[in-house]
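Take a look at the structure below.
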C-alpha cells in the first residue's frame, strides 16, 4: 500500500511526511509514504494526502504548474474513489470557490465557499488574546457533527487540534461537515463525503489526536 | 474555544541548548532534541528554538536540530535567530519548522518580512520584537540580541510588521528578560491592542501567576518562557493546571489515543 503526499511547492512537507511515517511504521503491513510531485505516482497511490500552506491562489497555481497533476487528483479521488485527505489549504482547495484575495476556483468536489473568518469578541475582554485575532492560531476543541465517520473514530467532543488559518470553508450542505470548532462563531474543522475528507486543522501537528486521525485515514476503506 | 498557549523556548548555540540571563552569562542546559521531546510529552503547546550561534558555520547546526526535532515531535515548532534571507526561511521550513521568527532583519529591511510572507504565507512568519522602555508609555526596539538601540517605537513597528504580513508577534521585554519579575504587561497590552494578530508575551516570567497575567492583563495569546521550565522549577502541566484554575482556557493533558 502506498500513500502519496502531494508535493507542489507548498512549503513544509517534512513534518507531514514524518507524522504519516510514524503512524505507518506502527502498522503491520507498513504502508509506504511517498512525498511526490509526479502525477503518475499520485494516480497509482492507494491513499492521497494534499497538504497546503500559504494562500489559496498560490496553492492552486502550484498544482496547475505541474502538468497532469489536477487530472491525476481528479481521476484518483473522483473516478476511482481512492481515500483522499486535504489538510488546511489542501482541504480548502476541494471547495467550489475561494474569496481569499480575489475570487479563485477550487476543485469543486465539495460545494462551498472559502471566506475570511469574522470572529466575534468574547464577553470577558481579559481574554482578548484568545478571540477575534487572525490567524485563528493555536489549539481549539473539536465538536463532532458526525462522530461515526471512520476518520473520527476514537476522537471525542472536546479533543484539541492545532489550527493556523484566516479563511474558513463554508459548506453548502451541512451533511458535508464532519466536525467544527468555536472561534467567535462556527469554524468548519473537518469536511467529508464518500472517499473525500479534509481537515482545516493540522493533524500532523496535533500530537496524539492528530496521529489518531492519520491512523484512521490509513485504515479507511471507503 | 481557542486555548492560551505555553511555549517553552530553547536557546540553541552550536547545536546545544543554553539558558539566557539578560542575554549574557550563558549556561549549558542540555541537548535540544531530548529537551524538545520532554516538552512534547509534558504537553507544551508549541516549541521555540532560538539559534544564538555566533558564526555562520555554526548556524548550519540548527537545520540538523530542527530536522531531528521534527522527526520526534508532532507539534508546532518555531525557529528564529539570524534569519535574514528567503533561503534561510526556506531551509528552516524544509527542515521541519512550522514558523520562522525574524528579528534583526525585520528592522534592517522590513520588506524582507513582506517578501517572506508573500512567498511562504503569513501563518509561518513571526516577527520577534525586543523592546526596552524609554518613557512611561514608550518602548524602543533593540536588535542584535538586545545590544543595539534603533530609536524605533515598538508599537508603531508592530503595526507596520502586521501590515507587511507578519502572522504573529513575539514580543520580548528587554527590561524584564531573565529577571523573573514578570512580563512587562503594559508593553504587552499596548502591542496586543494595536494589532489583530496573536501576540506571544516573552521576557521575565518567573512564576505561574506571571504566565496568567500575560494572558489576562497583557492580552497575549501565548506565553513564552525558558528558564522556569528548563530547570524543572515548574512543570508545564503544573503551569497549565494553575492557569486553568485561574480562569484561563488551557489545553489540559489528553488521554492516549492509539
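Chains as they are written, first to last, in the numbering used here: chain E, 2 to 223; chain X, 187 to 444. Where a beta carbon is used, it is the ideal one built from N, C-alpha and C, also for glycine.
Chain E within 8 Å of residue 423/X, Cβ atoms only: As a working note, residue 423/X is residue 237 in the second chain. Output row for residue 423/X: interface = no.
With 16 as the cutoff for other CB atoms within 10 Å, does residue 80/E come out buried or exposed? Counting from 1 along the first chain, the entry for residue 80/E is found at position 79. That one is exposed.
With a threshold of 8 Å, are at least 3 pairs of Cβ atoms found where one atom belongs to the segment 81–94 of chain E and the other to the segment 48–65 of chain E? yes
Does any residue of chain X bring its CB to less than 8 Å from the CB of residue 30/E? Residue numbering aside, residue 30/E sits at position 29 when the first chain is read from its first letter. It does not; no Cβ of chain X falls within 8 Å.
Could you check whether the segment 402–413 of chain X touches the segment 378–389 of chain X, counting it as contact only if at least three pairs of C-beta atoms, one from each stretch, sit closer than 8 Å? yes
Could you name the residues that DSSP lists as bridge partners for residue 242/X? As a working mapping, residue 242/X is identified with position 56 in the second chain. In the DSSP output, where bridge partners are listed per residue, residue 242/X has none listed.
Am I right that residue 6/E and residue 25/E are in contact with their C-beta atoms under 8 Å? What's the rounded C-beta distance? Indexing the first chain from 1 puts residue 6/E at position 5. Indexing the first chain from 1 puts residue 25/E at position 24. About 11 Å; that fails the 8 Å criterion.
Give the residues of chain E in contact with residue 307/X, contact being defined as C-beta atoms less than 7 Å apart. Residue mapping note: residue 307/X aligns to position 121 of the second chain, counting from 1. Chain E residues near residue 307/X: 54, 55, 56.
Kindly indicate the opening and closing residues of the alpha helix (DSSP H) around residue 67/E. Numbered from 1 along the first chain, position 66 holds the residue referred to as residue 67/E. That residue, residue 67/E, is in no alpha helix (DSSP H); it is neither H nor E in DSSP.
Would you check if the segment 184–204 of chain E and the segment 159–171 of chain E touch, i.e. whether three or more CB-CB distances between them fall below 8 Å? yes
Decide if the segment 64–72 of chain E is in contact with the segment 9–23 of chain E; the criterion is three or more beta carbon pairs, one per stretch, under 8 Å apart. yes
What is the C-beta distance between residue 376/X and residue 398/X, in whole angstroms, given that I count them as a contact (C-beta under 8 Å)? Locating residue 376/X in the second chain gives position 190, where the first residue counts as 1. Locating residue 398/X in the second chain gives position 212, where the first residue counts as 1. So it is not a contact: roughly 19 Å between Cβ atoms.
In or out: residue 237/X buried (at least 16 other Cβ within 10 Å) or exposed? In the second chain, the residue the question calls residue 237/X occupies position 51. Classification of residue 237/X: buried, given that the 10 Å Cβ count is 16 or more.
Listing by chain order, which chain E residues have their CB less than 8 Å from the CB of residue 406/X? Start at 1 with the first residue of the second chain, and residue 406/X comes out as number 220. Result: 130.
Is the separation between the beta-carbon of residue 471/X and that of residue 313/X shorter than 8 Å? Residue 471/X lies beyond the stretch modelled for chain X, which goes from 187 to 444, so this question has no answer here.
Of all Cβ atoms in chain X, is any one closer than 8 Å to the Cβ of residue 141/E? What you label residue 141/E is simply residue 140 of the first chain in a count that begins at 1. For residue 141/E, the answer is yes, since a Cβ of chain X falls inside 8 Å of its Cβ.
Using a 10 Å radius around the Cβ and a threshold of 16 neighbouring Cβ atoms, would you call residue 212/E buried or exposed? Numbered from its first residue, the first chain carries residue 212/E at position 211. With 16 or more Cβ atoms within 10 Å of its Cβ, residue 212/E is classed as buried.
The alpha helix (DSSP H) with residue 340/X in it runs from where to where? For the purposes of this step, residue 340/X is identified with residue 154 of the second chain, where counting begins at 1. Per DSSP, residue 340/X belongs to the alpha helix (DSSP H) from 340–349.
Let me make sure I understand the geometry here. Which of 361/X, 260/X, 202/X, 225/X has the alpha-carbon closest to that of residue 422/X? Working through the second chain from its first residue, we reach residue 422/X at position 236. Nearest C-alpha to residue 422/X: 225/X.
Could you tell me if residue 373/X is buried or exposed, where buried requires 16 or more neighbouring beta carbons within 10 angstroms of its beta carbon? Counting from 1 along the second chain, the entry for residue 373/X is found at position 187. Flag for residue 373/X reads buried.
Chain X contact residues for residue 134/E, given Cβ-Cβ distances below 7 Å: Along the first chain, read from residue 1 onward, the residue named residue 134/E stands at position 133. Those are 382, 383, 384, 407, listed as they occur along chain X.
Between residue 267/X and chain E, is there a C-beta pair that is closer than 8 Å? Position 81 of the second chain, counted from the first residue, corresponds to residue 267/X. No, because no Cβ of chain E sits closer than 8 Å to the Cβ of residue 267/X.
Less than 8 Å between C-beta atoms, sequence neighbours within five positions excluded: which residues of the same chain meet that for residue 278/X? If you number the second chain from 1, residue 278/X lands on position 92. 248, 249, 252, 265, 269, 286, listed in sequence order.
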